[in-house]
Ligand code: PFF
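Numbering (the numbering used here), first residue to last: 2 to 455.
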């Protein structure tokens, strides 16, 4: 093992590349698959408002914090804390991020694999003449199958590994600059189609009219978890991407832009999905099967539905791919910089270990469904514990680190690019990372898991 040569560290080549890669990480299944079903189960418009409040008051500051930690240290999440707080235990926050990365990649790539099966089904006409009950059976028997989901998982993982192997600039940046604009176009077309369906108005109303009686402590925790998951924050992905950003980039601007793109896409996904759901008289509370059972049923009843179905699942697959590469990059950066593996070996090792974890997550919906921890199968355990526990906890520790342990002058230097940019928002940012974010995350967290009742 040769040790990593830090003078040869890769980086993003342009400002546009940074935005596309970071927005690519943020925009994903979280926006198009997870956001609509969580919103549907948690009261619609009221959830959206809470989500937006958390996004602006906590999400953006945490994203800025991660970008600045990464760029300051020029390291993977574990190495970053070792550089910024030598001899201290803070690097454990980075370790927790690496564990989250493994867990997220496992269930996330499994879902991404389903999108490939669904693209395939649209091509062979697999949804034709199926009733909703047939579609539900089809989905359940597919995802509990022992082989097919595992195969699609492997295909998706291989594509992810292929891009990451190409490096930061030539793999990640280049591919996201192509995929992200395509994803936008597909999504806009889907929104137009959905809004022009007869009866679409009720879906728009569900999305935008708040009913606060539906809000409980758990709802707020779900919104917090969703913000963290959706922005890819709380586990070091943005630290890792931040470490590849050039010194003249305005980090606060980047954090705001990426968060706005992410939020915009989540709302667009809601607009693409709920009008169609209501137009066809389906319950918005259909849960995580919304995308895979309800939508094929809707597509089938639309004119030109299979073309839209193909576009929709392609959209999901692309969105997922620009996110899986960012999670794999976290693990690869850690393996190569901390353990001294070559990039090739790091990708290989990470991918092979993902096969074991990911295929277990996939099989936990089928033959391995009886293996349970805290009453959850492996898939749900990974999905829920990362978003609702590990990411908020990671975010909390990150803001505590910057707010209370890292010199304020250094933070200011990093945000202002050594005094060349004005950082008028600085006192507000500092107030948020010292008080607002830590207190809010703690309250929401304790309340959400039932340890505190407000
Ligand atoms: N932000 C991604 C999404 O919304 O789909 C999911 C994700 C990617 C979470 C990368 C965490 C991460 F590090």
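Quick reminder that beta carbons are idealized off the backbone N, C-alpha and C, glycines included.
Identify whether residue i lies in helix, strand or coil by the three-state DSSP scheme.
i	result
residue 1	The displayed coordinates of the chain run from 2 to 455. Any statement about residue 1 would go beyond what the structure contains.
residue 452	coil
residue 322	helix
residue 374	strand
residue 149	helix
residue 65	helix
residue 163	helix
residue 248	coil
residue 261	helix
residue 281	coil
residue 90	coil
residue 306	helix
residue 301	helix
residue 236	coil
residue 172	helix
residue 1	Since the first residue of the chain shown is 2 and the last is 455, residue 1 is not available in this structure.
residue 369	coil
residue 275	helix
residue 182	helix
residue 333	helix
residue 216	coil
residue 408	coil
residue 426	coil
residue 85	helix
residue 11	coil
residue 194	helix
residue 25	helix
residue 211	coil
residue 32	helix
residue 5	coil
residue 394	helix
residue 443	helix
residue 110	helix
Figure out for me which residue from the options has the closest Cα to the Cα of residue i.
i	options	result
residue 328	86, 282, 77 and 125	77
residue 207	420, 38 and 395	38
residue 34	406, 196, 8 and 318	318
residue 313	29, 22, 366 and 20	29
residue 119	389, 437, 345 and 311	311
residue 394	222, 425, 420 and 417	222
residue 434	447, 403 and 165	403
residue 43	168, 225 and 444	225
residue 57	263, 129, 152 and 25	263
residue 151	374, 367 and 444	367
residue 284	212, 203, 326 and 254	203
residue 172	36, 336 and 25	25
residue 276	309, 160, 193 and 20	193
residue 23	417, 390, 287 and 169	169
residue 450	293, 340, 220 and 287	220
residue 179	216, 20 and 149	20
residue 288	316, 381 and 309	381
residue 282	293, 265 and 302	302
residue 278	86, 174, 199 and 163	199
Residue j and residue i - do their beta-carbons sit closer together than 8 Å?
i	j	result
residue 256	residue 64	yes
residue 359	residue 158	yes
residue 114	residue 143	no
residue 323	residue 177	yes
residue 230	residue 396	no
residue 40	residue 49	yes
residue 438	residue 186	no
residue 321	residue 184	no
residue 385	residue 377	yes
residue 11	residue 245	yes
residue 442	residue 66	no
residue 413	residue 427	yes
residue 280	residue 201	yes
residue 348	residue 166	yes
residue 392	residue 235	yes
residue 107	residue 355	yes
residue 32	residue 267	yes
residue 51	residue 79	no
residue 251	residue 429	no
residue 161	residue 307	no
residue 341	residue 4	yes
residue 379	residue 140	no
Quick test of your reading: residue i and residue j, contact by CB under 8 Å. State the CB separation rounded to the nearest angstrom.
i	j	result
residue 27	residue 233	5 Å
residue 383	residue 362	6 Å
residue 249	residue 45	Contact doesn't hold; Cβ gap of about 43 Å is too wide.
residue 298	residue 68	Going by Cβ atoms, the distance from residue 298 to residue 68 rounds to 41 Å, so no, they are not a contact pair.
residue 16	residue 415	Contact flag wrong, Cβ pair sits at about 17 Å.
residue 188	residue 270	7 Å
residue 240	residue 18	About 18 Å; that fails the 8 Å criterion.
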